[in-house]
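Peer 1: Residue numbering for the sequence shown is 2 to 205, as defined by this note's numbering.
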Amino acid sequence: MDKSTIEAYDKIAQDFQSRNSVTLYDDEYRIFNSLMGDKKKVLEIGCGIGRDAEELIKQGFDYTGVDAAGEMLKIAREQVPQGNFLVGDFYKLDFPDASFDGFWAAASFLHVPKSEINGVLKEAKRILKPEGVGFISLKEKTTMSEGVIKEAKAGGIERYFSFYTEKEFENMLIENEFQVARITTRQEQDKNNTVWLCFFIKKK
2 MDKSTIEAYD
12 KIAQDFQSRN
22 SVTLYDDEYR
32 IFNSLMGDKK
42 KVLEIGCGIG
52 RDAEELIKQG
62 FDYTGVDAAG
72 EMLKIAREQV
82 PQGNFLVGDF
92 YKLDFPDASF
102 DGFWAAASFL
112 HVPKSEINGV
122 LKEAKRILKP
132 EGVGFISLKE
142 KTTMSEGVIK
152 EAKAGGIERY
162 FSFYTEKEFE
172 NMLIENEFQV
182 ARITTRQEQD
192 KNNTVWLCFF
202 IKKK
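In structure tokens:
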């Protein structure tokens, strides 16, 4: 994740904390849990303020969360004290090979430039055990493919976004030797009617 995006999340951390905690992913939690079965050790890549951490822990997962934004992690540790939260880099996760049964990456890989996404996917695959399960959600591409978006919130922030069609990202997953187990979509009730593409994958 580029420096300006990390700085942006540090600036808007408190805004995230004040948002409604209801998540889009109720069905996706259920599907992920079903695919995981008895396997419980999970890494969340891009844990933010710990919203999904709380639900994953409730479901009995042995949870670790990583994020590059220190202010987001401060809130996560306060809100979900039972979680294990660490500063982490998507591009080089500080864990041995095959450390986790699964990973959860909701709205995090969308900040990775398309030229770098293969490296991030390879790193996510590296920390998975054989037959490990992954979840990735991204915003669906409409007009813009990728680039920096400037916003007025928090006195002005810049974040890098990459947007995908369903087939485009599915092909990237296949190229990186993941099995695509299931794809779901969720529409957010915002001014843009944002569609989220949700991919459930397995390490071959």
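All C-beta atoms, glycine included, are put in the ideal place defined by N, C-alpha and C.
Remember, it's a predicted structure, so these values are computed and weren't measured experimentally.
For MET145, which residues from the same chain have a beta carbon less than 7 Å from its beta carbon, with the 5 sequence-adjacent residues on both sides left out?
Peer 2: The residue you call residue 145 lines up with position 144 of the sequence shown. So the qualifying residues of the chain are PHE164.
Peer 1: Taking its Cβ as the centre, do 16 or more other Cβ atoms sit within 10 Å of THR166, making it buried, or is it exposed?
Peer 2: As a first step, residue 166 is located in the sequence shown; it is residue number 165 there, counting from the start. With fewer than 16 Cβ atoms within 10 Å of its Cβ, THR166 is classed as exposed.
Peer 1: At 4 residues or longer, and completely inside the stretch 92-148: list those alpha helix (DSSP H) runs for me, N to C.
Peer 2: 118-127
Peer 1: Quick one: using the 10 Å Cβ neighbour count with 16 as the cut-off for buried, is VAL43 buried or exposed?
Peer 2: Stepping through the sequence shown from its first residue, residue 43 is reached at position 42. By the neighbour-count criterion, in which 16 or more other beta carbons inside 10 Å mark a residue as buried, VAL43 falls on the buried side.
Peer 1: Is ALA153 buried or exposed, if buried means 16 or more other CB atoms sit within 10 Å of its CB?
Peer 2: Taking the first residue of the sequence shown as 1, we reach residue 153 at position 152. By the neighbour-count criterion, in which 16 or more other beta carbons inside 10 Å mark a residue as buried, ALA153 falls on the exposed side.
Peer 1: Taking C-beta to C-beta, are PHE170 and ALA182 nearer than 8 Å?
Peer 2: Counting from one through the sequence shown, the residue named residue 170 turns up at place 169. Counting from one through the sequence shown, the residue named residue 182 turns up at place 181. No, these two residues do not count as a Cβ contact at 8 Å.
Peer 1: Hey, GLU159 and LYS151: beta-carbon distance below 8 Å or not?
Peer 2: On the sequence shown, position 158 is the one that residue 159 refers to. On the sequence shown, position 150 is the one that residue 151 refers to. Going by C-beta atoms, GLU159 is nearer than 8 Å to LYS151.
Peer 1: To the nearest angstrom, how far is it from the Cα of ASN21 to the Cα of ASP27?
Peer 2: As a working mapping, residue 21 is identified with position 20 in the sequence shown. As a working mapping, residue 27 is identified with position 26 in the sequence shown. Because ASN21 sits at a pLDDT of 44, beneath the cut-off of 50, its placement in the model cannot be relied upon, and the following sentence gives the value as read from the coordinates. If I take the Cα positions, the gap works out to 14 Å.
Peer 1: Which residues bound the alpha helix (DSSP H) around GLU176?
Peer 2: Taking the sequence shown and counting its residues from 1, the one referred to as residue 176 is at position 175. From DSSP, the alpha helix (DSSP H) with GLU176 extends over 167-176.
Peer 1: What residues in its chain sit with their C-beta under 7 Å from that of CYS48, if we drop five residues either side in the sequence?
Peer 2: On the sequence shown, residue 48 is found 47 positions in, with the first residue counted as 1. Result list for CYS48: ALA54, GLY66, VAL67, ASP68, ALA77 and PHE86, in chain order.
Peer 1: Assign PHE164 to one of three DSSP states: helix, strand, or coil.
Peer 2: Looking up residue 164 in the sequence shown gives position 163. Secondary structure at PHE164: coil, using DSSP grouped into helix, strand and coil.
Peer 1: Rounded to whole angstroms, what's the CA-CA distance from VAL81 to VAL149? Just pull it up for me.
Peer 2: Within the sequence shown, numbered from 1, the residue matching residue 81 stands at position 80. Within the sequence shown, numbered from 1, the residue matching residue 149 stands at position 148. Roughly 31 Å between the two C-alpha positions.
Peer 1: So who's on the other strand from LEU44, going by DSSP bridges?
Peer 2: By 1-based counting over the sequence shown, the position of residue 44 is 43. Bridge partners of LEU44: THR65 and PHE104.
Peer 1: Helix, strand or coil for GLU189 per DSSP?
Peer 2: In the sequence shown, residue 189 corresponds to position 188, counting from 1. In this structure, DSSP gives GLU189 a state outside helix and strand, which the three-state scheme calls coil.
Peer 1: Return helix, strand or coil for ILE76, following the three-state DSSP convention.
Peer 2: The residue labelled residue 76 in the question sits at position 75 within the sequence shown. It is helical.
Peer 1: Alpha carbon to alpha carbon, how far is PHE136 from GLU45?
Peer 2: Looking up residue 136 in the sequence shown gives position 135. Looking up residue 45 in the sequence shown gives position 44. PHE136 and GLU45: Cα-Cα distance of roughly 9 Å.
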